[in-house]
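Numbering-wise, the sequence shown is residues 59 to 210 according to the numbering used here.
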Amino acid sequence: MDDREQHGMAGRLTLVLRDERGREVERREVKNLITDAGRNLVAMFFAGKIPVAPTLFIAVGGNDAAAAAGDTGLKSFIAEEQADNIAVQGGVATVTATLRAAGSGDAQPLKEAGIRIKISGQPTPVLYNRVTFPVVNKSPNMEMSLSWEVTF
């Protein structure tokens, strides 16, 4: 009998697009892939190799190439926002951020997202996870909220 635990880190993104009146226009829920770099970062925190608190950002991009464990960044980075809320309950961390309405400019065709973790003293952020989805066109008058549930 194998008595090893078979749980793994997993995540699910909920993406909500709202118009200028705050009405929900579109909602998507998609599962993500945890990158090798993301798994390594969690192991380094666990081992005490990173003694400072990270800063989390949710980033979006415009490329729908399949997510791969070796990804180190979004394929076509467009924007990111710092997480405005991080909550932990029962082995699930929820990370949220909002891409505010720009007011002007072109629509942004978004096809990918990920959590980027920035560590003080390290020059490059770590892409913890990545997900792709059918295009979501965020016009300049729309706000997009992104909420990630990460299960450990």
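Glycine included, C-beta positions come from ideal geometry on N, C-alpha and C.
| Asked | Found |
| --- | --- |
| DSSP three-state assignment for ASN98, whether helix, strand or coil | helix |
| Backbone secondary structure at PHE210 - three-state DSSP | coil |
| Span of the beta strand (DSSP E), counted from its first residue to its last, around GLU78 | Here GLU78 belongs to no beta strand (DSSP E), and DSSP marks it neither H nor E. |
| Alpha-carbon spacing of GLY128 relative to ALA151, whole angstroms | 23 Å |
| Backbone CA spacing between ASN143 and GLY179 [nearest angstrom] | 23 Å |
| CB contact flag (LEU73, PHE191, <9 Å) | yes |
| For GLY80 and VAL184, the rounded distance between their alpha carbons | 32 Å |
| C-alpha distance - PRO181 paired with LEU114, whole-angstrom precision | 15 Å |
| Where the beta strand (DSSP E) through LYS169 begins and ends | 166-176 |
| Residue of LYS89, ALA117 and GLU78 minimising C-alpha distance to GLN215 | Outside the modelled stretch of the chain, which goes from 59 to 210, sits residue 215, for which no answer is possible. |
| Contact set for ASN121: own chain, Cβ-Cβ below 8 Å, skip 5 residues either direction | LEU132, LYS133, SER134, LYS169, GLU170 and THR190 |
| Own chain partners of PRO112 with C-beta closer than 7 Å, once the 5 adjacent residues on each side are dropped | ILE175, LYS176 and ILE177 |
| First through last residue of the beta strand (DSSP E) which encompasses THR156 | 150-157 |
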